[in-house]
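Visitor: Residue numbers (the numbering used here): 275 to 517.
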Ligand SMILES: Nc1nc2c(ncn2[C@@H]2O[C@H](COP(=O)(O)OP(=O)(O)O)[C@@H](O)[C@H]2O)c(=O)[nH]1
Ligand SMILES: [Mg+2]
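Right, dumping it as structure tokens:
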């Protein structure tokens with residue numbers, strides 16, 4: 275099965291070339307048949323040299339493609355790149371490669387050999403190993419996921435982790451049934467709606483190394499937006515009779 279790996283980026287000129295290089299080297303080793311995979315850099319609204327560097331990368335490596343998304347938002351970047359994809363499997367990971375790359379191989383196996391519909395990384399499983407995560411982020415993450423469980427009745431353990439893969443054929447139904455957010459919350463919507471649709475989710479405990487210096491997340495405004503988006507998603511699900 276073919277797989278497209280999207281990396282959403284916004285103003286990442288400093289690390290883009292190195293990080294994509296690391297991922298590319300890893301994939302060549304893991305999946306020597308290069309016709310099976312692609313790295314899609316989804317740049318949404320970078321104002322630095324990110325797009326230029328991504329273009330260079332796409333010339334250096336035939337397996338790297340650039341998708342330019344006119345406006346900001348991780349959700350929009352993911353949806354745009356996945357909707358253009360022709361691969362059997364789509365997914366994404368963060369440019370900082372916080373989730374150890376070895377988990378990619380596991381995720382691929384779960385989707386291809388074991389017939390799961392969607393695989394998501396979790397930092398909140400007892401088998402997960404989380405390195406360097408600031409206490410503030412840890413608490414926010416646990417609190418947020420607890421609210422999700424109580425409010426939306428979902429069972430997954432980590433809605434926000436930047437490492438998720440699914441069969442592309444499920445994307446349209448997931449989007450039609452509520453995964454519409456253009457921002458970070460899209461990552462959580464994916465899992466929520468996948469559960470509503472009774473898809474088979476695989477929870478993958480991961481080794482996660484946080485790089486706080488690179489994080490763009492501002493926790494308070496983001497939390498406020500999440501709560502608002504959560505309410506909208508619940509209303510949508512209720513109106514559709516999904517929960
Ligand atoms: N498309 C898009 N990507 C973003 C945006 N902000 C951050 N990213 C990317 O999302 C990924 C994760 O961001 P990061 O700041 O490391 O998040 P954290 O690890 O949760 O603190 C990186 O690949 C970023 O380049 C944005 O507004 N739009
Ligand atoms: Mg990060």
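For each residue, glycine too, the CB sits at the ideal point set by N, CA and C.
Between residue 362 and residue 441, is the Cβ-Cβ spacing less than 8 Å?
Guide: Yes; because the gap between Cβ atoms is below 8 Å, this pair is in contact.
Visitor: Let me know the secondary structure DSSP gives residue 348 once reduced to three states.
Guide: Reduced to three states, the DSSP call for residue 348 is helix.
Visitor: Are residue 356 and residue 299 touching if we call contact CB-CB under 8 Å?
Guide: Contact flag unset, no.
Visitor: Which residue or residues does DSSP assign as beta-bridge partners of residue 318?
Guide: Paired residue(s): 343.
Visitor: List in chain order: all unbroken alpha helix (DSSP H) runs of 4+ residues lying wholly within the segment 401-453.
Guide: For the segment 401-453, whole alpha helix (DSSP H) runs of length 4 or above, ordered along the chain, are 409-426, 445-450.
Visitor: Between the beta-carbon of residue 278 and the beta-carbon of residue 345, is there less than 8 Å?
Guide: No; because the gap between Cβ atoms is not below 8 Å, this pair is not in contact.
Visitor: Give me the Cβ distance between residue 287 and residue 334, rounded to the nearest whole Å; I'm assuming they're in contact under 8 Å.
Guide: The Cβ separation is near 16 Å, so there is no contact.
Visitor: By DSSP's criteria, residue 311 is part of a beta bridge. Which residues make up the other side?
Guide: Answer is 277, bridged to residue 311.
Visitor: In three-state terms, what does DSSP make of residue 482?
Guide: In this structure, residue 482 counts as strand in the three-state DSSP scheme.
Visitor: Could you pull the start and end residues of the beta strand (DSSP E) that residue 364 belongs to?
Guide: Its beta strand (DSSP E) spans residues 363-367.
Visitor: Within the present structure, is the beta-carbon of residue 344 separated from the nearest heavy atom of ligand 1 by less than 7 Å?
Guide: Checking every heavy atom of ligand 1 against the Cβ of residue 344, none is found closer than 7 Å.
Visitor: When we look at the beta-carbon of residue 427 and count the other beta-carbons within 10 Å, is it buried (16 or more) or exposed?
Guide: Residue 427 should be labelled exposed.
Visitor: CB residue 394 to CB residue 438, shorter than 8 Å?
Guide: Taking 8 Å as the Cβ cut-off, residue 394 and residue 438 qualify as a contacting pair.
Visitor: What is the DSSP secondary structure of residue 294, reduced to helix, strand or coil?
Guide: Helix, per DSSP.
Visitor: What is the DSSP secondary structure of residue 376, counted as helix, strand or coil?
Guide: Residue 376 falls in the helix class under three-state DSSP.
Visitor: I want to check one thing, is the minimum distance from the CB of residue 432 to the heavy atoms of ligand 2 below 7 Å?
Guide: No, the Cβ of residue 432 stays beyond 7 Å of every heavy atom of ligand 2.
Visitor: Exposed or buried, what is residue 429 when buried is set at 16 or more other beta-carbons lying within 10 Å of its beta-carbon?
Guide: The residue in question, residue 429, is exposed, as its Cβ has fewer than 16 Cβ neighbours within 10 Å.
Visitor: Pairing CB atoms from the segment 384-394 with CB atoms from the segment 294-313, are three or more of them under 8 Å?
Guide: At 8 Å Cβ cutoff, the stretches do not touch.
Visitor: What residue from 294, 406, 449 has the CA that sits closest to residue 482's CA?
Guide: Out of 294, 406, 449, 406 has the C-alpha closest to the C-alpha of residue 482.
Visitor: Cα-Cα, which of 291, 337, 292, 392 is closest to residue 473?
Guide: Comparing Cα-Cα distances from residue 473 to each of 291, 337, 292, 392, the minimum goes to 392.
Visitor: Hey, would you say the C-beta of residue 485 is under 7 Å away from at least one heavy atom of ligand 2?
Guide: True, at least one ligand heavy atom lies under 7 Å from that Cβ.
Visitor: Between residue 293 and residue 371, is the Cβ-Cβ spacing less than 8 Å?
Guide: Contact: yes.
Visitor: Candidates 477, 487, 488, 451: which alpha carbon is nearest residue 519's?
Guide: In the structure displayed, the chain extends from 275 to 517; residue 519 sits before or after that span and is not available.
Visitor: Nearest by alpha-carbon distance to residue 398: which of 464, 378, 479, 304 is it?
Guide: Selected option, being the one with the closest Cα: 479.
Visitor: Where does residue 409 land, buried or exposed, given buried means 16+ other C-beta within 10 angstroms?
Guide: It is exposed - the Cβ of residue 409 has fewer than 16 other Cβ atoms within 10 Å.
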